[in-house]
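Engineer:
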Amino acid sequence: MTAFKPGLLAKSACGRAGLALVLLGLMASGCAVGPNYQRPPGLASGTLPDAFREVASTNKTEWKAAVPSDREPRGPWWGFFADPELDRLERLATARNQQLAVALANFAQARAALKVARADGMPQVSANPGVTRQRTSANLQQRFGSSREGATTTTYDLPVEASWELDLWGRVRRQVEGARGRLAASWDDLETFRLSVQAEVAFDYLALCSSEAQRQVVERSIETYRRSLALTRARRRGGVATGLDVSQAETQLKAAEALLPSLELQQIQMRDALGALCGESATTFQVHGRSLLALAVSQVPVGVPSELLERRPDVAAAERRMAAANADIGLARAAFYPRVTLGGGAGLESVDAGVLFDWPSRFWSVGPSLQMPLFTGGRNRARLASARAAHDAAVAAYRQTVLTAFQEVEDQLAAQRLLAKQLVAEQEALDAARRTLEISTTRYKDGVITFLEVALSQSTVLTHEQTTVQVKEKLATSAVSLIKALGAGWEGSDSNSHKGSEGGPAAPSPSTTLNAGRGGSVQR
Numbered sequence: 002m003t004a005f006k007p008g009l010l011a012k013s014a015c016g017r018a019g020l021a022l023v024l025l026g027l028m029a030s031g032c033a034v035g036p037n038y039q040r041p042p043g044l045a046s047g048t049l050p051d052a053f054r055e056v057a058s059t060n061k062t063e064w065k066a067a068v069p070s071d072r073e074p075r076g077p078w079w080g081f082f083a084d085p086e087l088d089r090l091e092r093l094a095t096a097r098n099q100q101l102a103v104a105l106a107n108f109a110q111a112r113a114a115l116k117v118a119r120a121d122g123m124p125q126v127s128a129n130p131g132v133t134r135q136r137t138s139a140n141l142q143q144r145f146g147s148s149r150e151g152a153t154t155t156t157y158d159l160p161v162e163a164s165w166e167l168d169l170w171g172r173v174r175r176q177v178e179g180a181r182g183r184l185a186a187s188w189d190d191l192e193t194f195r196l197s198v199q200a201e202v203a204f205d206y207l208a209l210c211s212s213e214a215q216r217q218v219v220e221r222s223i224e225t226y227r228r229s230l231a232l233t234r235a236r237r238r239g240g241v242a243t244g245l246d247v248s249q250a251e252t253q254l255k256a257a258e259a260l261l262p263s264l265e266l267q268q269i270q271m272r273d274a275l276g277a278l279c280g281e282s283a284t285t286f287q288v289h290g291r292s293l294l295a296l297a298v299s300q301v302p303v304g305v306p307s308e309l310l311e312r313r314p315d316v317a318a319a320e321r322r323m324a325a326a327n328a329d330i331g332l333a334r335a336a337f338y339p340r341v342t343l344g345g346g347a348g349l350e351s352v353d354a355g356v357l358f359d360w361p362s363r364f365w366s367v368g369p370s371l372q373m374p375l376f377t378g379g380r381n382r383a384r385l386a387s388a389r390a391a392h393d394a395a396v397a398a399y400r401q402t403v404l405t406a407f408q409e410v411e412d413q414l415a416a417q418r419l420l421a422k423q424l425v426a427e428q429e430a431l432d433a434a435r436r437t438l439e440i441s442t443t444r445y446k447d448g449v450i451t452f453l454e455v456a457l458s459q460s461t462v463l464t465h466e467q468t469t470v471q472v473k474e475k476l477a478t479s480a481v482s483l484i485k486a487l488g489a490g491w492e493g494s495d496s497n498s499h500k501g502s503e504g505g506p507a508a509p510s511p512s513t514t515l516n517a518g519r520g521g522s523v524q525r
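Read in order, the letters of the sequence shown correspond to residues 2 to 525 in the working numbering.
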């Protein structure tokens, strides 16, 4: 008869445990429940354009799946204004804007959440040392046939425990997949907000420059009105002009002077807004805006529509949230399956602290555990339905984001085209008004007409000068809005070097110059 060998039995048990561990590990690398994410091709087939409506394209391009390239460097897109002060403000706002700091902190939270999700797939090891003093019940001792009274003992424990959930159904993998999508979306949100802040700085700076240009226009008009008033008073003393002429000249001068306070208030408000965007106090913030008439605006290269889905960070964020919502379906589906955890522990235990570290004080345990849902009151089904509904919402949000992106680009392309035409017409009207003023002034000096006609001509010139500045501001603002709508994925410092994407139209090389001067011509 073979003698019993405890060591052999222990080795056999350890071998079986190791084999079980290997088999379970192989099972853990199996399939993941739930649908696998597939990047969308865009919207429904046949609804996506080959080219923007406002851009004449000779080369047509088939639509392809959206592959976000929003991580590519965007560069200082505001460089096409060639304004050092705007460049300083943009860099200051990018570095110090407090709302951007909030968005950056949100991104850091999403990155930490991804690390938490990944940690669930790793073995968990913990140590739980403790000292327990307890007294057993005397009645309990008697019930088990012992005549001893209740005993008081002190137990010293020094255990190390480990557990590892075997990801048989891809629960952890789907959890990591969803966290990774949300992290990417958080980064895209940060980029969207950064672009919005940069665009807002440009808007406010353009408004400041517009106010400065209008202030200069009004001040020039005031000087002209003062000379006209002096001339009219002299003619009144000479008996040529009437008191009505003098009154009309005074009224015109005072009306022009009344325009200055509102323009000064607008400049103060724009300076304060820029200070807040740049993370500085409005009390100490300084900005030196020049006249809008001195700014140059280059043509914005548009490219082909398919690039819009790749450059815009908000489109990329919507696509990545859709991927995260798809992973959540798999996560909810995995809740229907059992969770297998391999656990074990080892350590030292003794009722005498003096022998705690002796070899006989050792203990160990190892074995798998199974957690299987039998009845949850419909909770898991409700969570799965909720995940599917959230995915449908993410898909709809993605489609709407794409549609909004196309709308914004088309609107700003139309604005660029029509505002450029309006600016040309306004310049022509201004030139005609100035010629009319010269004729009216000459006829007034010759005594042919009254001052009323001169005053009307002067008011017409002032109105067209102000309107010209306003249209130029709208044109420049529209250029910023177009760049924002396109995702700002290009360098704006050298417009002539930009070409359209493969298959798309090349960017126009001429530039629109908003220059000062009596004629105020628009060069194209």
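Even for Gly, the Cβ is constructed at its ideal location relative to N, Cα and C. None of the values given here were measured: they were computed from a predicted structure.
Looking only at its own chain, which residues have a Cβ that is under 7 Å from the Cβ of Ile-440, when we skip the five neighbours before and after it?
Structural biologist: Taken in chain order, the list of residues that qualify is empty.
Engineer: Give every residue of the same chain whose Cβ lies closer than 6 Å to the Cβ of Thr-193, excluding the five residues on either side of it in the sequence, and list them in chain order.
Structural biologist: Here the set comprises Pro-314 and Asp-315.
Engineer: With C-beta atoms as the reference, is Leu-93 less than 7 Å away from Ala-214?
Structural biologist: Cβ distance not < 7 Å, so Leu-93 and Ala-214 don't count as in contact.
Engineer: Taking only the alpha-carbon atoms, compute the straight-line gap between Leu-275 and Asn-129 and give it to the nearest angstrom.
Structural biologist: Approximately 56 Å between the Cα atoms of the pair.
Engineer: So for Gly-122, helix, strand or coil by DSSP?
Structural biologist: Coil at Gly-122, not helix or strand.
Engineer: Looking at the structure shown, is Leu-414 part of a helix, part of a strand, or coil, going by DSSP?
Structural biologist: DSSP places Leu-414 in helix when its eight states are reduced to three.
Engineer: Classify Gly-331 as buried or exposed, calling it buried when 16 or more other Cβ atoms lie within 10 Å of its own Cβ.
Structural biologist: Burial call: buried.
Engineer: Please report the straight-line C-alpha distance between Gly-348 and Val-117, rounded to a whole angstrom.
Structural biologist: The straight-line gap from Cα to Cα measures roughly 28 Å.
Engineer: Check the DSSP bridge columns for Pro-160 and list the partner residues they point to.
Structural biologist: Paired residue(s): Gly-348.
Engineer: Starting from Pro-369, follow the alpha helix (DSSP H) in both directions and report where the run begins and ends.
Structural biologist: Here Pro-369 belongs to no alpha helix (DSSP H); instead the beta strand (DSSP E) covers 363–372.
Engineer: Is Ala-102 helix, strand or coil by DSSP?
Structural biologist: Looking at Ala-102 - three-state DSSP - the assignment turns out to be helix.
Engineer: Report the start-end ranges of each alpha helix (DSSP H) in the stretch 212–297 that is 4 residues or longer and not cut off at the edges.
Structural biologist: List check, alpha helix (DSSP H) in window: 244–258 and 260–278.
Engineer: On the three-state DSSP scale, how would you describe Ser-187?
Structural biologist: DSSP places Ser-187 in helix when its eight states are reduced to three.
Engineer: What is the residue span of the beta strand (DSSP E) that Gln-1 lies within?
Structural biologist: This structure cannot speak to residue 1, because the chain is shown only from 2 to 525.
Engineer: Do you know offhand how far Ser-46's Cα is from Gln-217's?
Structural biologist: Caution is warranted here: a pLDDT of 44 is assigned to Ser-46, below 50, making its placement in the model unreliable, and no coordinate value can be reported.
Engineer: Measure the alpha-carbon distance for Val-126 versus Leu-371 and round it to whole angstroms.
Structural biologist: Looking at the two C-alpha atoms, the distance is approximately 19 Å.
Engineer: Relative to the C-alpha of Trp-165, which candidate in Met-123, Thr-153 and Glu-224 has its C-alpha closest?
Structural biologist: Ranking the options by Cα distance to Trp-165, first place goes to Met-123.
Engineer: Between the beta-carbon of Arg-136 and the beta-carbon of Thr-156, is there less than 7 Å?
Structural biologist: For Arg-136 and Thr-156, no; Cβs fall outside 7 Å.
Engineer: What residues in its chain sit with their C-beta under 8 Å from that of Gln-268, if we drop five residues either side in the sequence?
Structural biologist: Cβ within range, chain order: Leu-209, Ser-212, Glu-213, Arg-216 and Gly-290.
Engineer: Taking the alpha carbon of Ala-96 as the reference point, which residue from Ala-33, Pro-41, Leu-453 and Val-198 has its own alpha carbon closest?
Structural biologist: The shortest C-alpha separation from Ala-96 is found at Val-198.
Engineer: Am I right that Thr-451 and Asp-246 are in contact with their C-beta atoms under 8 Å? What's the rounded C-beta distance?
Structural biologist: With a Cβ gap of about 6 Å, Thr-451 and Asp-246 count as contacting.
Engineer: Tell me whether Val-132 sits in a helix, a strand or coil according to DSSP, three-state version.
Structural biologist: Strand, per DSSP.
Engineer: Rounded to whole angstroms, what is the Cα-Cα separation between Ser-30 and Arg-334?
Structural biologist: Reliability of the predicted coordinates at Ser-30 is poor, the pLDDT of 49 falling under 50, and the value obtained from them is presented with this limitation in mind. Answer to the nearest angstrom: the Cα atoms are 17 Å apart.
Engineer: Starting from the Cα of Gln-428, find the closest Cα among Ala-383, Thr-468 and Arg-380 and give me that residue.
Structural biologist: Here the closest residue by C-alpha is Thr-468.
Engineer: Which residue wins for smallest C-alpha separation from Val-177, given the options Arg-312, Ala-163, Thr-243 and Ala-326?
Structural biologist: Nearest C-alpha to Val-177: Ala-326.
Engineer: Taking 7 Å as the limit between beta carbons, can you name the residues of its chain near Ile-484, skipping five residues before and five after?
Structural biologist: The residues are Trp-78 and Val-301.
Engineer: Looking only at its chain, what residues have a beta carbon closer than 8 Å to the beta carbon of Phe-204, apart from the 5 residues adjacent to it on each side?
Structural biologist: Contacts found: Thr-478 and Val-481.
Engineer: Any idea what DSSP makes of Val-1, helix, strand or coil?
Structural biologist: The chain is shown from 2 up to 525; residue 1 falls before or after that span and cannot be answered.
Engineer: Gly-504 by DSSP, collapsed to three states: which one?
Structural biologist: Any reading at Gly-504 needs caution, since the residue's pLDDT is 33, under 50, leaving its predicted position unreliable; the model's value is listed next. DSSP places Gly-504 in coil when its eight states are reduced to three.
Engineer: For Asp-189 versus Ala-317, is the C-beta distance shorter than 7 Å?
Structural biologist: It is a contact, given that the beta carbons lie within the stated cut-off.
Engineer: Answer with yes or no whether the minimum CB distance from Ile-223 to chain B is below 7 Å.
Structural biologist: Absent from the structure: chain B. Only one protein chain is present.
Engineer: Taking buried to mean at least 16 other C-beta atoms within 10 Å of its own C-beta, is Glu-224 buried or exposed?
Structural biologist: So Glu-224 ends up on the exposed side.
Engineer: Alpha carbon to alpha carbon, how far is Gly-80 from Leu-420? Give it in angstroms, no decimals.
Structural biologist: Approximately 21 Å between the Cα atoms of the pair.
Engineer: The alpha helix (DSSP H) that contains Thr-95, what's its start and end?
Structural biologist: From DSSP, the alpha helix (DSSP H) with Thr-95 extends over 85–97.
Engineer: Specify, as a first and last residue, the run of the alpha helix (DSSP H) that Gly-171 falls within.
Structural biologist: Careful: Gly-171 lies outside any alpha helix (DSSP H) and carries neither H nor E.
Engineer: So, are the CB atoms of Glu-162 and Gly-346 less than 7 Å apart?
Structural biologist: A contact, by the Cβ cut-off of 7 Å.
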